[in-house]
Amino acid sequence: MLLNVSQQNKTKNNELETGNELLHGFSKQMHALATELFPMNRSITGNGVRETLGKLKEILPELQIHEVESGTQVFDWSIPNEWNLTEAYITDPSGRVICDTNVCNLHIVGYSIPIDLELDLDDLKEHIHTLPEKPDSIPYVTSYYKERWGFCMTHEQYQSLKPGKYKVHINTSLKSGSLTYGELKIPGESEKELFFSTYVCHPSMANNELSGPVLATFLAKWVTNKVDRRYSYRFIFIPETIGSITYLSKNLKELQTLMHAGFNITCVGDERSYSYLPSRDGNGLSDLVIQHVLKNTDPNYKSYSFLARGSDERQYCSPGVDLKVASLMRSKYEEYPEYHTSKDDLTLVTAKGLGDCLLSYMRSVAIIEDNDIYVANQLCEPQMGKRGLYPLLGNSILPEDTMRMMNILAYCDGEKSLLEVANVLDVPAWELIPLFTILKQHELIKRIANEQ
Numbered sequence: 004m005l006l007n008v009s010q011q012n013k014t015k016n017n018e019l020e021t022g023n024e025l026l027h028g029f030s031k032q033m034h035a036l037a038t039e040l041f042p043m044n045r046s047i048t049g050n051g052v053r054e055t056l057g058k059l060k061e062i063l064p065e066l067q068i069h070e071v072e073s074g075t076q077v078f079d080w081s082i083p084n085e086w087n088l089t090e091a092y093i094t095d096p097s098g099r100v101i102c103d104t105n106v107c108n109l110h111i112v113g114y115s116i117p118i119d120l121e122l123d124l125d126d127l128k129e130h131i132h133t134l135p136e137k138p139d140s141i142p143y144v145t146s147y148y149k150e151r152w153g154f155c156m157t158h159e160q161y162q163s164l165k166p167g168k169y170k171v172h173i174n175t176s177l178k179s180g181s182l183t184y185g186e187l188k189i190p191g192e193s194e195k196e197l198f199f200s201t202y203v204c205h206p207s208m209a210n211n212e213l214s215g216p217v218l219a220t221f222l223a224k225w226v227t228n229k230v231d232r233r234y235s236y237r238f239i240f241i242p243e244t245i246g247s248i249t250y251l252s253k254n255l256k257e258l259q260t261l262m263h264a265g266f267n268i269t270c271v272g273d274e275r276s277y278s279y280l281p282s283r284d285g286n287g288l289s290d291l292v293i294q295h296v297l298k299n300t301d302p303n304y305k306s307y308s309f310l311a312r313g314s315d316e317r318q319y320c321s322p323g324v325d326l327k328v329a330s331l332m333r334s335k336y337e338e339y340p341e342y343h344t345s346k347d348d349l350t351l352v353t354a355k356g357l358g359d360c361l362l363s364y365m366r367s368v369a370i371i372e373d374n375d376i377y378v379a380n381q382l383c384e385p386q387m388g389k390r391g392l393y394p395l396l397g398n399s400i401l402p403e404d405t406m407r408m409m410n411i412l413a414y415c416d417g418e419k420s421l422l423e424v425a426n427v428l429d430v431p432a433w434e435l436i437p438l439f440t441i442l443k444q445h446e447l448i449k450r451i452a453n454e455q
């Protein structure tokens, strides 16, 4: 009897695809988590980051939260003073409150100093930021390393301001404290690690900020429940730039020794085309895996040069650090119209967008976990029929899985990895993993090395 290979594929793929019901559940939970985190006023330091990490820890109990004191030297930088916002608003000449951070936390320039004063409209305008080319959007503006204050509003609102006296109230604190980040290590059979970094330092922006940490959280949850982990895993939740610099200053040698592949997770929540930003040289394992996954997921994905970098890959791939970290994204930061504005909201980021991108990362993990080099055990083609792997009626048209197994055997030459075989066959690697498993079970191939 012909073995039902397709049924075996479905069984083997359950761990990867997790079934439509579970993946759909993850998608809804990710969007619900993003909705809960959206109002929190995150910055590169402060209680908004702590509150966010506290929520993630409810899902990932083993998440370790670290504090690094203000003033700590981290390479060429030092940890800035901690900033916290209580409230900020402007009162116009009629007594109406505008630019209220309780309504939208993008109204305040990040790291604004505390202030209470009254001033004329012309003087106030020197502290107002708008986007004339996007008149109905509130811009996101920060001043981390120079003390100043300011507000952000739509250009439409700016144009409606009337002459007169305005009262400015900013209740913030800027004083010695700490930078906060989260770290989760998940052990596997090997000390070699898959490294995932995402950032938790932006206020209410959904794709540029929340999509990354919520996807990383549920990817980590899936990995934690994954059976027979070959590799160990490291997930970090950091403030962008200063956070990666801080983390590297403390963990560089360990990462250089242990990292097998690395990913920077950001902008993974909309339903537009996928994007790929490479590591500096574009030849790391993460680069190869991302390109394979996207080629077989969205053939029209956008590939960028490392010269278009703008997130923490700048630090991970810098000379002397030399970690081959790449990014699989949906709409890349700086490239979509809602970027760094109030329009980057939870209507742009969807449960489907998050779920589809989570599946792409799950497939990347599965490929790396199984990316072995094999050699065929038989000289010439083995007799597949007696093993139940080949039709016995002499049909000239072979079932797709049987033909794929024959092609796998043809390229198991002791030199090519699973990923390389998949590229030769022009078949998604995750569809070949169960077939490799069947061939191993029948002792038709053997693993001779793990691809490095």
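Numbering-wise, my numbering comes out as the position in the sequence shown, counting from 1, plus 3.
For glycine and all other residues, C-beta sits at the position ideal for the given N, C-alpha and C.
If you're wondering where the values come from, they're calculated on a predicted model, not measured in any experiment.
Cβ neighbours of residue i in the same chain (closer than 8 Å, five flanking residues each side left out)
i: Glu384; result: Met409 and Leu412
i: Tyr234; result: Gly191, Glu192, Ser193, Lys195, Glu196, Leu197, His263, Ile371 and Glu372
i: Ser363; result: Tyr277, Val296, Leu297, Thr300 and Leu331
i: Ala37; result: Ala209, Leu213, Ser214, Val217, Gly272, Leu349, Val352 and Leu357
i: Lys58; result: Leu36, Glu39 and Leu40
Beta strand (DSSP E) segment containing residue i, residue limits
i: Arg333; result: From DSSP, Arg333 is part of no beta strand (DSSP E); its letter is neither H nor E.
i: Asp456; result: The requested residue 456 does not occur in the structure, where the chain is confined to residues 4 to 455.
i: Gly265; result: Met262 to Asn267
i: Arg317; result: First-last for Arg317: Glu316 to Tyr319, but that is the alpha helix (DSSP H), not the beta strand (DSSP E).
i: Tyr234; result: No beta strand (DSSP E) holds Tyr234; DSSP gives it neither H nor E.
i: Ser278; result: Ser278 to Leu280
Bridge partners - residue i, DSSP secondary structure assignment
i: His172; result: Tyr92 and Asp119
i: Glu468; result: In this structure the chain extends from 4 to 455, so residue 468 is not present and cannot be described.
i: Cys155; result: His132
i: Tyr202; result: Ile241
i: Leu177; result: Trp86
i: Ile101; result: Ile93
i: Trp80; result: Val77
i: Glu196; result: Ser235 and Met262
Integer Cβ distance of residue i from residue j, believed to fall under 8 Å
i: Val271; j: Met332; result: 6 Å
i: Ile111; j: Phe154; result: 6 Å
i: Asn267; j: Ser200; result: 5 Å
i: Glu121; j: Lys168; result: 5 Å
i: Leu66; j: Gly185; result: 5 Å
i: Glu316; j: Val328; result: 5 Å
Same chain, Cβ closer than 7 Å to residue i, neighbours up to 5 away in sequence not counted
i: Asn7; result: Its pLDDT being 45, under 50, Asn7 is placed unreliably by the model, and the measurement read from it follows with that caveat. Excluding residues within five positions, none has a Cβ falling inside 7 Å.
i: Thr157; result: Thr133, Pro138, Asp139, Ser140 and Ile141
i: Asn303; result: Ser276
i: Asn105; result: Glu90
i: Val324; result: Leu251, Leu255 and Gln318
i: Gly51; result: Met43, Asn44 and Arg45
Buried versus exposed call for residue i [16 or more other C-beta atoms within 10 Å across all chains shown]
i: Ser115; result: buried
i: Lys128; result: exposed
i: Glu70; result: exposed
i: Tyr279; result: buried
i: Lys178; result: exposed
i: Asp416; result: exposed
i: Tyr336; result: buried
i: Pro281; result: buried
i: Ala35; result: exposed
i: Gly98; result: exposed
i: Asn374; result: buried
i: Asn228; result: exposed
i: Asp284; result: exposed
Cβ-based neighbour list, residue i, same chain, cut-off 6 Å, excluding 5 preceding and 5 following
i: Val226; result: Ile189 and Tyr236
i: Ile376; result: Ser420, Ile451, Ala452 and Glu454
i: Thr269; result: Gly215 and Ser314
i: Ser367; result: Val292 and Val296
Endpoints, the alpha helix (DSSP H) within which residue i is located
i: Asp290; result: Leu288 to Lys298
i: Phe221; result: Ser214 to Thr227
i: Asp404; result: Glu403 to Tyr414
i: Ala452; result: Counting along the chain, Ala452 falls outside any alpha helix (DSSP H), though it belongs to the beta strand (DSSP E) covering Ile448 to Asn453.
i: Ser363; result: Ala354 to Glu372
i: Lys58; result: Asn50 to Ile62
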